[in-house]
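J.: Before I ask anything, let me first share the structure, which is written out below as structure tokens.
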Amino acid sequence: MLEVYDFLTTSQGLAQEYTETIHFSEDEIIYQYDWSKNNHFLLMRQGVARIEIYRKRRWEFDTFISIDEFGGIENLIKNRLFSTNIKYRIVAASDGEALMVDREFFLDHMYANPALFHKVLENVTLHQIMTAHNFREKKSPLKQRLADIVLEFIMFASVPIKDNHVTLPFTFSEEIISSALKVPIHHIQSILNFLEKEKIITREHEFEVIDYVRLGKLSNLNPETCRNNTFGEVDLQEAN
1 MLEVYDFLTT
11 SQGLAQEYTE
21 TIHFSEDEII
31 YQYDWSKNNH
41 FLLMRQGVAR
51 IEIYRKRRWE
61 FDTFISIDEF
71 GGIENLIKNR
81 LFSTNIKYRI
91 VAASDGEALM
101 VDREFFLDHM
111 YANPALFHKV
121 LENVTLHQIM
131 TAHNFREKKS
141 PLKQRLADIV
151 LEFIMFASVP
161 IKDNHVTLPF
171 TFSEEIISSA
181 LKVPIHHIQS
191 ILNFLEKEKI
201 ITREHEFEVI
211 DYVRLGKLSN
221 LNPETCRNNT
231 FGEVDLQEAN
């Protein structure tokens, strides 16, 4: 079985010319959106990163990307149909590794392989669905919205769920949740304290969900859907 990375680097000569492996440390900026100059995709190989959007003179957390997910998805638009001053960046949430891939090289491989094409569509669609869900639920009770966002992070970060328990392997803070939900941090602290008291989460050492099932009951998302939609490998070889 070939993973996306293996498929893009099958030819060593072409890979050396059109790709670059980068290693990053926590809080390092690994990708910055530039509408006029950027011509690369970013493929995550190891670790977790967060996408931040520049809004009202500050960077705000948006979502996570992890192994086999892509940055630079704006490069799917071949013609610059409109101009925009949107700014976003991808910042490492843990140590890790990524592959910078030339835009045309990536697109050629994507169009030539249905499985890779489908994976890109799945990636974009799932993030869009979650964005729409969060917007629709913005007036729902904060406890539900917070549970939604934790399940979303678990899914996008592809964190394994073992024995009803999840440990987030990166910095997951009140500030991140507050930024994602656009809610004052003291409200977030109140809900997190409640979840700790109910033994649903703990923050003693790391942010841990110690009762995934009960967290799912607070959410408007299906916890089994989030469990089953963590991004995995794609058999690109078979698709050829």
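Counting in full-length UniProt numbering, the sequence shown runs from 1 upward without gaps.
Backbone N, C-alpha and C define an ideal beta-carbon position, used for all residues, glycine too.
These figures come from a predicted structure and were not determined experimentally.
In whole angstroms, what separates the C-alpha of V213 from that of S11?
T.: 45 Å
J.: Counting only runs of 3+ residues fully inside the region 83–155, write out the beta strand (DSSP E) ranges in chain order.
T.: 88–92 and 96–102
J.: Any idea if R50 is buried or exposed, counting beta-carbon neighbours within 10 angstroms, 16 or more meaning buried?
T.: The residue in question, R50, is buried, as its Cβ has 16 or more Cβ neighbours within 10 Å.
J.: Within the same chain, show all residues whose beta-carbon is closer than 7 Å to that of M100, passing over the 5 residues directly before and after it, in chain order.
T.: T19, E20, I22, H40 and L42
J.: Note down, in chain order, each residue of its chain lying with its Cβ closer than 6 Å to the Cβ of T9, except the 5 sequence neighbours on either side.
T.: A15
J.: If S66 sits next to A157, beta carbons under 8 Å apart, how far is it from one beta carbon to the other, in whole angstroms?
T.: 5 Å
J.: Using DSSP with H/G/I as helix, E/B as strand and the rest coil, what is L168?
T.: coil
J.: Once you ignore the five residues that flank S178 on each side, which residues in its own chain have a CB closer than 6 Å to its CB?
T.: I185 and I188
J.: Quick one: which unbroken alpha helix (DSSP H) runs of 4-plus residues sit fully inside the region 175–230? Chain order, please.
T.: Listed in chain order, the complete alpha helix (DSSP H) runs (minimum 4 residues) inside the region 175–230 are 185–197, 212–218 and 223–228.
J.: Under 6 Å Cβ to Cβ from G13, same chain only, skipping five residues before and after it: list those, please.
T.: none
J.: Would you please state the rounded distance, in angstroms, between the beta carbons of F207 and L168? I believe it to be under 8 Å.
T.: In this structure, F207 and L168 form a Cβ contact; the two beta carbons are roughly 5 Å apart against a cut-off of 8 Å.
J.: According to the Cβ coordinates, are F61 and V48 closer than 7 Å?
T.: no
J.: Helix, strand or coil for residue 308, going by three-state DSSP, please let me know.
T.: No answer is possible for residue 308: it lies beyond the span of the chain, which begins at 1 and ends at 240.
J.: Within its chain, find whatever has a CB closer than 7 Å to the CB of D27; leave out the 5 residues flanking it on each side and keep chain order.
T.: V91 and A92
J.: May I have the straight-line CA-CA distance separating F194 from L215, to the nearest angstrom?
T.: Roughly 12 Å separates the two Cα atoms.
J.: May I ask you to list the residues that DSSP assigns as paired with F24?
T.: Answer by DSSP bridge pairing, in chain order: G96.
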